[in-house]
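*Asks:* Handing you this structure, nothing more for now.
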Amino acid sequence: MNSLFMIFSLGIVGASLMVISTPNPVYSVFWLVIAFVNAAVMFISLGLDYIGLIFIIVYVGAIAILFLFVIMLIQQPNKVDSQD
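Take 1050 as the starting number for the sequence shown in our numbering and just add one per residue.
Next comes the structure, spelled out in structure tokens:
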């Protein structure tokens, strides 16, 4: 039990560090999803099944997907030089 807690805690910390160090915001959201899933699995392994499932539904299913859509809609397209 203690080793699972440490593994998922290190997964959360590692994914969180990747969120702030990744230059591409879309990849940053994917790392955020991984951090949320690690936190949910940690809750489930501690016996808090309801909180873990709500964490997945609310944070991964709603918040992270909303962030992803906003980033993809706001992101500027690459400028392409037209050759006439």
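In this text, a Cβ means the ideal position worked out from N, Cα and C, and glycines have one as well.
1. Could you spell out where the alpha helix (DSSP H) holding G1063 opens and where it closes?
2. Looking only at its own chain, which residues have a Cβ that is under 6 Å from the Cβ of S1070, when we skip the five neighbours before and after it?
3. If we count Cβ pairs, one from each stretch, closer than 8 Å, do we get three or more for the stretch 1109-1124 versus the stretch 1075-1095?
4. Give me, in chain order, the residues of the same chain whose beta-carbon lies closer than 8 Å to that of A1084; leave out the 5 immediate sequence neighbours on both sides.
5. Where do the ends of the alpha helix (DSSP H) carrying Y1076 lie?
6. Rounded to whole angstroms, what is the Cα-Cα separation between S1058 and Y1099?
7. Decide if M1055 is buried, meaning its Cβ has at least 16 other Cβ atoms within 10 Å, or exposed.
*Replies:* Quick answer:
1. In the sequence shown, counting from the first residue as 1, residue 1063 sits at position 14. First-last of the alpha helix (DSSP H) with G1063: N1051 to S1070.
2. Here residue 1070 refers to the residue found at position 21 of the sequence shown. Once the five neighbours on either side are set aside, S1070 has no close Cβ partner at all.
3. yes
4. As a first step, residue 1084 is located in the sequence shown; it is residue number 35 there, counting from the start. So the qualifying residues of the chain are G1060, I1061, A1064, S1065 and V1068.
5. Position 27 of the sequence shown holds residue 1076. Segment P1074 to S1094, the alpha helix (DSSP H) holding Y1076.
6. What you label residue 1058 is simply residue 9 of the sequence shown in a count that begins at 1. What you label residue 1099 is simply residue 50 of the sequence shown in a count that begins at 1. Going from the Cα of S1058 to the Cα of Y1099 covers about 19 Å.
7. Indexing the sequence shown from 1 puts residue 1055 at position 6. Exposed is the call here.
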